[in-house]
Ligand SMILES: Cc1cc2nc3c(=O)[nH]c(=O)nc-3n(C[C@H](O)[C@H](O)[C@H](O)COP(=O)(O)O)c2cc1C
């Protein structure tokens, strides 16, 4: 089984990256091949709503997103990772998500589904500085809808509140263990 992890934070060594590393370790323990992709290292432009994907299911904008589509299609598990920025995901992840409109067109306009021997399951990993009840609501809704467009079932979220300083979550053993277990369980779903 193959998993792709897309990191949405621009901060290297930050909280969501640390959580994602633990999820990756859990997935690998369960025998999954894992690739981690840092979106901030690529040039992914926003969707320009040109409608070019509506006839083919393919995006016409030629940038680094073109290298992401085959990776998404190849995945049995897709993990979208982002800190909360203003109650949503980061701009890096949002651009990636908006460009999945091509996959939405493929699924819903062209009625093309991906053949798969195992259920394709995706999830969200996120962290936020504050502890508000609704702090993850926007990101969860965005990611649920994006995963559906990418033809994945939603398999849940790993959400950690109250972490702000870079790398702070590294000292939170219970959260790290929870993340690793989340990865193992995601592989076994
Ligand atoms: C531009 C920006 C916007 C943010 N907005 C929020 C927010 O709306 N709510 C919140 O709880 N934390 C917010 N934060 C804090 C981050 O979510 C928090 O620091 C998180 O741990 C960063 O994860 P990272 O280290 O993986 O980048 C924001 C941080 C930045 C830089």
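In the numbering used here, the protein residues as written are 2 to 190.
Don't be surprised by glycine CBs; every beta carbon is placed ideally from N, CA and C.
Residue i vs residue j beta-carbon contact at 9 Å
i: residue 195; j: residue 33; result: The question about residue 195 has no answer, for the chain in this structure spans 2 to 190.
i: residue 30; j: residue 5; result: no
i: residue 85; j: residue 123; result: no
i: residue 27; j: residue 184; result: yes
i: residue 154; j: residue 160; result: no
C-alpha gap between residue i and residue j, whole angstroms
i: residue 151; j: residue 70; result: 9 Å
i: residue 237; j: residue 83; result: Outside the modelled stretch of the chain, which goes from 2 to 190, sits residue 237, for which no answer is possible.
i: residue 113; j: residue 48; result: 21 Å
i: residue 120; j: residue 156; result: 10 Å
i: residue 179; j: residue 163; result: 16 Å
i: residue 139; j: residue 177; result: 24 Å
For residue i, the three-state DSSP class (helix, strand or coil)
i: residue 54; result: helix
i: residue 45; result: coil
i: residue 154; result: strand
i: residue 100; result: coil
i: residue 80; result: strand
Residue i classed as buried or exposed, judged by whether at least 16 other C-beta atoms fall within 10 angstroms
i: residue 77; result: buried
i: residue 189; result: exposed
i: residue 129; result: buried
Three Cβ pairs or more, each shorter than 8 Å: is that satisfied between the segment 153-172 and the segment 17-26?
Counting Cβ pairs under 8 Å, three or more are found: they touch.
Count Cβ pairs between the segment 52-60 and the segment 94-103 that sit closer than 8 Å; are there 3 or more?
These segments touch.
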